[in-house]
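Here is the structure we will look at, set down as structure tokens.
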Amino acid sequence: MKTDVFFLYLLPPIVLDAGYFMPTRPFFENFGTIFWYAVVGTLWNSIGIGVSLFGICQIEAFGLSDITLL
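Going by the working numbering, the sequence shown opens with residue 67, and the numbers climb by one from there.
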């Protein structure tokens, strides 16, 4: 089986089934942890991408020295 067949046609129904039939009690018991990981992950990725883009512009790696940041 090719990987694109798995990711495009087999995986989405599996994920949908797992989310649709998830018990609500364990989900809401762990809602604080889920929310915490979502917020921390979003901030971590935003800061990482911002620092990376700023660094690339500072070292002029791709000829982006004339782009002003903020």
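Yeah, the Cβ is synthetic: ideal placement off N, Cα and C, and Gly gets one too.
Specify the secondary structure class of residue i as computed by DSSP and reduced to three states.
i    : result
N96  : coil
F73  : helix
P78  : helix
F101 : helix
F87  : coil
F120 : helix
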